[in-house]
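In the UniProt record's numbering, the protein residues as written are 1 to 839.
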């Protein structure tokens, strides 16, 4: 049986030593804030350790952990500091696994030993930091067939030997060493800063590094590749962020915009990073020499940029528009070169669209295409955002912006989220950047293309900021959202690029269904996040099964991520209906919900045959007195709608008038919009909703809340379900208060009052969970007592819960007065009779 063991000071608390040494497999050790010393360290078989503070720094353990073969160590919300001179902070043996969430690993003394060493073991790091007291000390060493997945984590020096590393939204601060047929796979590889005399990466001996993107800080960096392969199609490499790669022994290196050098052309050869020693077997790494490079097979010519554009999924109309734009620009340029009289064409443009629609990718292709077609003199692409242009120092913004413009000259400058340069109130340094850009645009009409990119509405505000922008950037390109089918195809290509094996048909059906249901339609970004979550699911499932093929995604993994397959969801719907039917009373509610579920199932079967205008609306009113189970039923409906595919989440967000109505003009609309946004994807339960319209005053803002609801109920009718709850008469008045409400909230469930007999059943059910008593006597007492109550005091289930709680409390007081009682769970008839006189 799983136990929780508390560590700290005070009654019932244990020392860290006692807690860990006395724990059994599966126990959870919960540690209060403070610092703990355990110099001898611990060998772990199966245990979970959690810090009970607000941050990992609240619980600090000075120790070392060794996870035994086939063991599991789970760590959460704490800091582990290694103080030994000849040990790792954490070693994971073959077949063992380390699962860490919000954990800081540090090695304070041993320069030669990695902080975390996977000796054939597996590890998952989520929101973790792995560091070493020595700048060149290894924070993570993976060897002997080990595997690690780092998500949202910060790693200093990482070395992978005959093993595999995956990173998701993670940063490698100083150095990445990959050796002996290892593999590193990343979404975007972030580098914080390289050490002066080191390469930022050394890839050797048949290893592979693949990443969707590479982000370097400003400066010049070096990497070394020996008989290995690197593929990074997207980078921020430009005149401000440079990378030189020394490629030896028939290596296959593709890193966009990086400078690739052969050994004989290398003018300076910084020494590669030395190798730290793991606890049991030292790592060795040869120093690269100035050996003559072998003859390589010529690489196939890269496809023209315009062909790359047309191979992209979706964006049909945009492709035609870009194609025409480049052809006209090339035509005008060639006529000018032949001496013909031409009117200068402005190349500056706007890229408008929702997140994940490929604006950045298309911008890179356009830059290359403009060079290939002779429109621009350089194959130069510079990508910046507000932080690259704006300085908080007086006069600094103009200098900073000028430097970026000069770096982009002859090619394309892409300004992402350009609307962030516009802000209301305060000192607007963004305006200074725009003024500088405007002048430069006019002076360099023929040798610079500037692309302003961002969301459509926000970009309109940005263009209104300065009238000169609209006239100088006349080319507007709109990026349409991807269809579910296109999103699924993008996802397939993403998994293929990482060499996963999976059932593509099953995957695409799951993605299409999930994308349609989700409120976050961020297009390509959405499916990348979906794939990241899927790979995490695969990783965690694989770590629990050492026989699992790490390159295969099972249909069960996909179903885990999407909430189960169709059969399991259908079974869950039946279980939820059974749960509802098991509730006491509420006969009409149960019948209504059962009919509604059947109606939804029929509508889904006929989905392809029904017109779009016939989309059902599921916003509803729960009408009835307090304590009739409205909140409980709302939670069941949220789960039903999730498993029926109506909603992407099974959550219920509960609000009342106080959460929606503000005290000054404009506040109510903002608070109501926020409440609706927070509930998106699930159910928004508005308790006592009639209070929004009951105040009869022109100065009351409740009407603004209702008006905000009117818009959102229609525009987002398929993205959330609103349930308005309250007394029957008052809710009818609420629906009449605004003509648009009743049509937008078409469903009404009447929650009838409980009968005295049903109240008695509720009381018996509550008390019976832990206590024994005379059922018939208690029912009789409750029925008679409830019948005698005035109507105003009959609060249904609330009264029943309060009565049951008082009965249990009185029995506990009786036990305190009779400590020798053997049948402590038996409530006496005398106490039941006493309850007849309670107020």
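Glycine residues also receive a C-beta, built at the ideal position from the N, C-alpha and C atoms.
For residue j and residue i, the rounded distance between their alpha carbons
i           : j           : result
residue 579 : residue 649 : 19 Å
residue 293 : residue 245 : Any reading at residue 293 needs caution, since the residue's pLDDT is 39, under 50, leaving its predicted position unreliable; the model's value is listed next. Answer to the nearest angstrom: the Cα atoms are 14 Å apart.
residue 12  : residue 19  : 12 Å
residue 783 : residue 682 : 38 Å
residue 439 : residue 715 : 42 Å
residue 169 : residue 761 : 53 Å
residue 144 : residue 358 : 40 Å
residue 790 : residue 633 : 27 Å
residue 798 : residue 628 : 8 Å
residue 665 : residue 152 : 40 Å
residue 407 : residue 380 : 9 Å
residue 821 : residue 778 : 21 Å
residue 89  : residue 141 : 12 Å
residue 241 : residue 405 : 15 Å
residue 220 : residue 257 : 13 Å
residue 115 : residue 9   : 29 Å
residue 266 : residue 341 : The predicted position of residue 266 is uncertain, since its pLDDT is 40 and thus under 50; a value taken from the coordinates is nonetheless stated next. Approximately 48 Å between the Cα atoms of the pair.
residue 272 : residue 174 : With a pLDDT of 44 at residue 272, under the threshold of 50, the modelled position of that residue is not reliable, and the figure given next carries that caveat. For residue 272 and residue 174, the distance between alpha carbons rounds to 12 Å.
For residue i, the three-state DSSP class (helix, strand or coil)
i           : result
residue 590 : helix
residue 84  : coil
residue 548 : coil
residue 332 : helix
residue 51  : strand
residue 664 : coil
residue 11  : coil
residue 308 : helix
residue 44  : strand
residue 247 : strand
residue 258 : coil
residue 826 : strand
residue 654 : strand
residue 325 : helix
residue 365 : helix
residue 313 : coil
residue 35  : strand
residue 745 : coil
residue 383 : strand
residue 507 : helix
residue 136 : coil
Run of the beta strand (DSSP E) containing residue i, from where it starts to where it stops
i           : result
residue 853 : Residue 853 is absent from the model: the chain starts at 1 and stops at 839.
residue 724 : 721–726
residue 116 : 116–119
residue 126 : 122–126
residue 376 : Looking at the DSSP string, residue 376 is not in any beta strand (DSSP E), and its letter there is neither H nor E.
residue 173 : 171–179
residue 558 : First-last for residue 558: 555–561, but that is the alpha helix (DSSP H), not the beta strand (DSSP E).
Opening and closing residue of the alpha helix (DSSP H) in which residue i lies
i           : result
residue 632 : 630–643
residue 438 : 429–443
residue 463 : 456–464
residue 156 : Run containing residue 156: none in the alpha helix (DSSP H); it sits in the beta strand (DSSP E), 154–161.
residue 647 : Premise fails: residue 647 is in no alpha helix (DSSP H) and is neither H nor E.
residue 468 : 467–472
Distance cut-off 7 Å: residue i Cβ against heavy atoms of the ligand ZN
i           : result
residue 678 : Ligands in the displayed structure: none, and consequently the ligand ZN is not present.
Expected contact under 8 Å - CB spacing of residue i and residue j to nearest Å
i           : j           : result
residue 492 : residue 482 : That pair is no contact at about 13 Å.
residue 212 : residue 228 : Contact flag wrong, Cβ pair sits at about 19 Å.
residue 23  : residue 47  : 5 Å
residue 230 : residue 203 : 6 Å
residue 375 : residue 319 : About 18 Å separates the two Cβ atoms, so there is no contact after all.
residue 306 : residue 369 : 5 Å
residue 17  : residue 38  : 6 Å
residue 478 : residue 352 : 5 Å
residue 71  : residue 44  : 6 Å
Legend entry - Touch test, the region 566–585 against the region 148–165, Cβ-Cβ under 8 Å, three pairs minimum: no
Legend entry - Contact between the region 743–752 and the region 699–706 (3+ Cβ pairs under 8 Å): no
Inset, instruction - Specify whether the region 755–774 and the region 639–653 touch according to this definition: at least 3 beta carbon pairs, one from each stretch, less than 8 Å apart. - result: no
Inset, instruction - Could you say if the region 45–63 and the region 71–79 meet the contact criterion of at least three C-beta pairs nearer than 8 Å? - result: yes
Inset, instruction - Kindly confirm or deny that the region 214–221 and the region 186–194 touch, where touching means at least three C-beta pairs closer than 8 Å. - result: Short answer: they touch.
Inset, instruction - Mind the definition here: the region 531–549 touches the region 587–597 only if three or more C-beta pairs lie below 8 Å; say whether that holds. - result: no
Inset, instruction - Could you say if the region 409–422 and the region 439–448 meet the contact criterion of at least three C-beta pairs nearer than 8 Å? - result: Remark: three or more beta-carbon pairs, one from each stretch, lie closer than 8 Å, so the region 409–422 and the region 439–448 are flagged as touching.
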